[in-house]
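Quick note: the sequence shown uses this note's numbering, first residue 9, plus one each step.
Here a beta-carbon is modelled for each residue, glycine too, at the ideal position from N, C-alpha and C.
Treat the numbers as computed from the prediction; the structure is a model and nothing was measured.
The structure under discussion appears below in the form of structure tokens.
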Amino acid sequence: MTTSPYAVIDRCDQVFVTGRTPAEVPPPPPDGNARGWVSALRAVPGGRMQLELAVQGASRQAVVLRALHVRVVGRTAPLAWSAYVMADGCGSGVTPATLDIDLDRDNPRARPVAGRQGDIRIPATDFPYKTSATDPQVLDVVAHTSGHDVQWYLELEWSSGDRHGTLRIDDRGRPFRTTAIKDRPQYLYRSDTDVWEELPDYARRE
């Protein structure tokens, strides 16, 4: 299992919150991977967090991925920090995540969603999935909250022949964390002036 929790897959939807002022926040990371940027600022994904999970078996024998469970370990009021939007002005046509998680629900679950890629509709697919050493499986997951600061992790159920188990998916041993950004100051980086400018109300992310 390879987990990419801070890959900036869709900059239009990627927001981070931090207690730093705009003058203390560097430009968005240019390489599509924001882990170093996030760690340096002690930032937290704002509003939503997108995970890319790449699963591959260790042999040619098929591994069946049976279910993905969401485990919430903490839910409090949103962080009172400013939000920083990674990009603006992006077009439509990006395929939504395969699995959607509403962290505001009492018992959140990974729900398959359909999407579009250009003019092509991508149907929703649900568990079980299969993988092996020669047939990797990639799962895109979006977890979101509009009212809380949530700490959470995932558990992936699998089986292969007479073997079975549960794989914990977290942020290098710690729970993932996602906080709501409603009513927080939101800033967008202006590459022409090299400063973060506050977004007007009509351009705010939810």
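1) Got a sec? Which residues, its chain only, sit under 7 Å from Asp221 by beta carbon, not counting five neighbours each side?
2) According to DSSP, simplified to helix, strand and coil, what is Ser47?
3) Could you check how far apart the C-beta atoms of Ala51 and Phe24 are, in whole angstroms? I think they sit under 8 Å.
4) Any contact of the region 190 to 200 with the region 63 to 83, i.e. 3+ C-beta pairs under 8 Å?
5) Leaving out five residues before and five after Ser100 in sequence, what residues of the same chain have Cβ atoms less than 7 Å from its Cβ?
6) Which residue's Cα is closest to the Cα of Arg43: Lys190, Asp179 and Glu205?
7) With DSSP as the reference, label Ala91 as helix, strand or coil.
8) Can you confirm whether Arg176, when its beta carbon is compared against all beta carbons of chain D, has any partner nearer than 8 Å?
Per the coordinate set shown:
1) The shown model of the chain, from 9 to 214, leaves out residue 221, and the question about it has no answer.
2) Counting from one through the sequence shown, the residue named residue 47 turns up at place 39. Looking at Ser47 - three-state DSSP - the assignment turns out to be helix.
3) In the sequence shown, counting from the first residue as 1, residue 51 sits at position 43. In the sequence shown, counting from the first residue as 1, residue 24 sits at position 16. Ala51 to Phe24, Cβ: 4 Å. Contact.
4) Flag = no, the region 190 to 200 and the region 63 to 83 do not touch.
5) Residue numbering aside, residue 100 sits at position 92 when the sequence shown is read from its first letter. Note that Ser100 has pLDDT 46, beneath the 50 cutoff, so the model's placement of it is unreliable and no number is given.
6) In the sequence shown, the residue the question calls residue 43 occupies position 35. It is Asp179.
7) For this step, residue 91 is matched to residue 83 along the sequence shown. Here Ala91 sits in strand by DSSP.
8) The chain labelled as chain D is not found in the depicted structure, where only one protein chain is given.
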